[in-house]
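Novice: Protein chains in written order, with the working numbering: chain A, 4 to 205; chain B, 4 to 205.
Glycine included, each C-beta is placed from N, C-alpha and C at the ideal position.
Computed from a prediction, not measured in an experiment: that's the story for all the values here.
This is the structure, below, for whatever I ask next.
Number of protein chains: 2
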Amino acid sequence: MSRDFLEDPSGTREEILAATFDTLMEHGYADLTIDKIGDEFDKSQSLIYHHYDGKDDVVLETLERLLEEHRTETFDGDIEEPREWLEEVVARPLDETIDEQKRKSLATLFELRARAIHDDDYREHFTRSDEVFEEFLADVIEEGKEQGVFRACNPVGVAGMVITVINGALVRRSTSESDDWIGDVRDEVQSYLEKCVYANDS
Amino acid sequence: MSRDFLEDPSGTREEILAATFDTLMEHGYADLTIDKIGDEFDKSQSLIYHHYDGKDDVVLETLERLLEEHRTETFDGDIEEPREWLEEVVARPLDETIDEQKRKSLATLFELRARAIHDDDYREHFTRSDEVFEEFLADVIEEGKEQGVFRACNPVGVAGMVITVINGALVRRSTSESDDWIGDVRDEVQSYLEKCVYANDS
DNA sequence: GCTTTGTGATTGAACGTTCAATCAACTCCT
DNA sequence: AGGAGTTGATTGAACGTTCAATCACAAAGC
């Protein structure tokens with residue numbers, strides 16, 4: 004029940020997951036091997052098979068734990084200020100000053116997402132992951148409407164739009180050299196929110 | 004110089020590229036092997052090494068040709084009706100009735116994009132690919148402003164926003180089971196365009 | 001308290017397979 | 001005759017996975 008099992012793994016099973024994510028960040032899924040995972044933690048590589056079914060089982064389990072952790076961290080408790088909360092959720096993936104470690108881990112998540120195209124287990128995970136995110140986002144927007152800080156809008160639509168923009172930004176940040184576009188897009192998202200979501204438009 | 008070298012490859016080199024893309028659509032990059040490419044066209048697998056340097060050389064060359072073809076097809080000639088053109092560009096990735104073949108090929112493109120995280124050659128390609136797209140998009144928006152059909156806005160920002168949304172939609176469509184969100188997001192994009200880009204708001 | 005039995009964690013070596021890449025030989029065209 | 005295109009076989013390395021064998025330790029029996 005540690006707060007961040009990747010940085011402070013407790014027990015062998017969590018050590019394996021942490022080593023897996025580290026290896027993933029460094030080498031990517033295409034070059035992920037059991038040997039490399041084994042190198043990343045201080046026990047034998049073959050021990051992995053004692054605790055998990057195999058390579059994809061380990062990766063999937065890592066994703067599952069990450070989702071669970073993310074869920075409890077950012078979706079915890081009631082949202083009192085919907086507008087500020089939404090503002091922050093959108094700002095994070097569009098922040099140029101994000102630290103390298105966080106940037107890499109987001110890229111890794113996106114890379115694993117590509118697996119969902121041909122692997123049903125991954126597809127199922129990310130389908131659920133999006134649903135969890137979208138539902139919570141829609142709830143926050145609903146709350147904002149009730150508070151009167153958001154105008155009449157389709158909460159599910161706005162939630163979907165926000166997720167889509169975040170996903171798109173993550174893709175480009177992870178796979179493109181340039182960062183020039185980020186500021187402009189952030190402004191544009193701001194315009195969208197002000198004109199289509201927030202109540203008091205200027 | 005065929006119009007669509009994937010559907011009608013001329014010569015062995017193009018046959019290899021077409022077979023490569025077919026194999027990618029069927030098996031994905033992670034399970035792409037020279038043998039499988041060889042199975043997909045009617046000559047020997049080892050012939051690939053005669054024409055190309057290796058696996059990634061073939062894939063990169065395929066991407067390059069695809070980009071070139073896409074560029075000449077959709078960015079050809081002047082745009083007379085910027086609004087209709089933009090409308091269509093945005094609608095395509097958000098169209099549920101798209102045929103399976105096209106859907107798969109977009110997913111494949113996105114999957115290859117994930118390679119850009121850890122492979123500089125892919126990264127360079129997609130950086131350029133985005134730039135090409137963004138520049139042309141910005142030009143169209145500039146043209147719309149001059150024609151008076153678009154309002155005062157930042158062309159580069161709008162272009163970036165549109166690309167971001169398209170990328171995000173592609174990601175989710177390729178890696179999620181559900182399609183429910185598409186309609187809602189399409190409406191939301193429409194709202195954005197009407198309130199932030201098109202001149203005559205209702 | 002001491003021995004026996006049992007259990008889960010851990011290891012290093014090994015197996016079988018897959019893969020990218022090479023190579024010598026053959027064909028066809030000119 | 002000679003070069004470009006093509007082939008099937010082959011090689012060596014890498015990989016996922018299995019397995020027999022230890023090790024630490026706790027519970028059970030006496």
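From the DSSP output, in three-state form, read off F8 of chain B for me.
Specialist: By 1-based counting over the second sequence, the position of residue 8 of chain B is 5. Correct three-state label for F8 of chain B: coil.
Novice: Does the Cβ of A94 of chain B have 16 or more other Cβ atoms within 10 Å, making it buried, or fewer, making it exposed?
Specialist: In the second sequence, residue 94 of chain B corresponds to position 91, counting from 1. It counts as exposed.
Novice: Identify the contact partners of I120 of chain A in chain B, using a Cβ-Cβ distance below 7 Å as the criterion.
Specialist: Locating residue 120 of chain A in the first sequence gives position 117, counting from the first residue. By Cβ distance, chain B contributes G31, A110, E114, S177, T178.
Novice: Identify which residue in A:S13, A:K198, A:S177 has its Cα closest to the Cα of P96 of chain A.
Specialist: Here the question's residue 96 of chain A lines up with position 93 in the first sequence. The residue with the shortest Cα to Cα distance from P96 of chain A is A:S177.
Novice: Could you name the residues that DSSP lists as bridge partners for F153 of chain B?
Specialist: Start at 1 with the first residue of the second sequence, and residue 153 of chain B comes out as number 150. DSSP output for F153 of chain B lists B:Y201 as bridge partner(s).
Novice: Using a cut-off of 8 Å between C-beta atoms, extract the partners of R154 of chain B located in chain A.
Specialist: Taking the first residue of the second sequence as position 1, residue 154 of chain B is located at position 151. Under the 8 Å cutoff, chain A gives no residues; its nearest Cβ is about 11 Å from R154 of chain B.
Novice: List, in chain order, every chain B residue whose beta-carbon is nearer than 7 Å to that of G160 of chain A.
Specialist: The residue given as residue 160 of chain A occupies position 157 in the first sequence. Per Cβ cutoff of 7 Å: D187, V188, D190, E191.
Novice: Unbroken beta strand (DSSP E) runs of length 3 or more, entirely within the region 18-73 of chain B: which are they?
Specialist: You should have found no qualifying run.
Novice: Using the beta-carbon count (16 or more within 10 Å), is R80 of chain A buried or exposed?
Specialist: In the first sequence, the residue the question calls residue 80 of chain A occupies position 77. Checking the displayed sequence, the identity of residue 80 of chain A turns out to be Gly instead of Arg. Its Cβ having fewer than 16 others within 10 Å, G80 of chain A is exposed.
Novice: DSSP three-state label for I101 of chain B, please.
Specialist: As a working mapping, residue 101 of chain B is identified with position 98 in the second sequence. Three-state DSSP puts I101 of chain B in coil, outside helix and strand.
Novice: Within the 7 Å Cβ cut-off, does T130 of chain B reach chain A?
Specialist: The residue you call residue 130 of chain B lines up with position 127 of the second sequence. Chain A, which has a Cβ nearer than 7 Å to the Cβ of T130 of chain B, makes this yes.
Novice: Determine the contact status of G31 of chain A and N170 of chain B, defining contact as a CB-CB distance below 7 Å.
Specialist: Stepping through the first sequence from its first residue, residue 31 of chain A is reached at position 28. Stepping through the second sequence from its first residue, residue 170 of chain B is reached at position 167. Not closer than 7 Å, so no.
Novice: Under 7 Å between C-beta atoms, does T65 of chain A make it to chain B?
Specialist: Taking the first residue of the first sequence as position 1, residue 65 of chain A is located at position 62. Not closer than 7 Å to any Cβ of chain B, the Cβ of T65 of chain A fails to qualify, so no.
Novice: Are the region 57-70 of chain B and the region 11-27 of chain B in contact at 8 Å, needing three or more beta carbon pairs?
Specialist: Contact holds: three or more Cβ-Cβ distances are below 8 Å.
Novice: Report yes or no: do three or more beta-carbon pairs, one from the region 44-55 of chain A and one from the region 99-118 of chain A, lie closer than 8 Å?
Specialist: The region 44-55 of chain A, when compared against the region 99-118 of chain A, does not touch it at the 8 Å Cβ threshold.
Novice: With burial defined as no fewer than 16 other Cβ atoms inside 10 Å of the residue's Cβ, what is the status of T77 of chain B: buried or exposed?
Specialist: Numbered from 1 along the second sequence, position 74 holds the residue referred to as residue 77 of chain B. Result: exposed.
Novice: Between which residues of its own chain and F136 of chain B is the CB-CB distance below 7 Å, once the five residues before and five after are set aside?
Specialist: Translated into positions along the second sequence, residue 136 of chain B becomes position 133. The answer, listed in chain order, is I166.
Novice: Determine the closest residue to F153 of chain B out of B:L69, B:V168, B:P85, with distance taken between C-alpha atoms.
Specialist: Reading the second sequence from its first residue, position 150 is the one you call residue 153 of chain B. Cα-wise, what sits closest to F153 of chain B is B:P85.
Novice: Going by DSSP in three states, D122 of chain B sits in which element: helix, strand or coil?
Specialist: As a working note, residue 122 of chain B is residue 119 in the second sequence. Coil, per DSSP.
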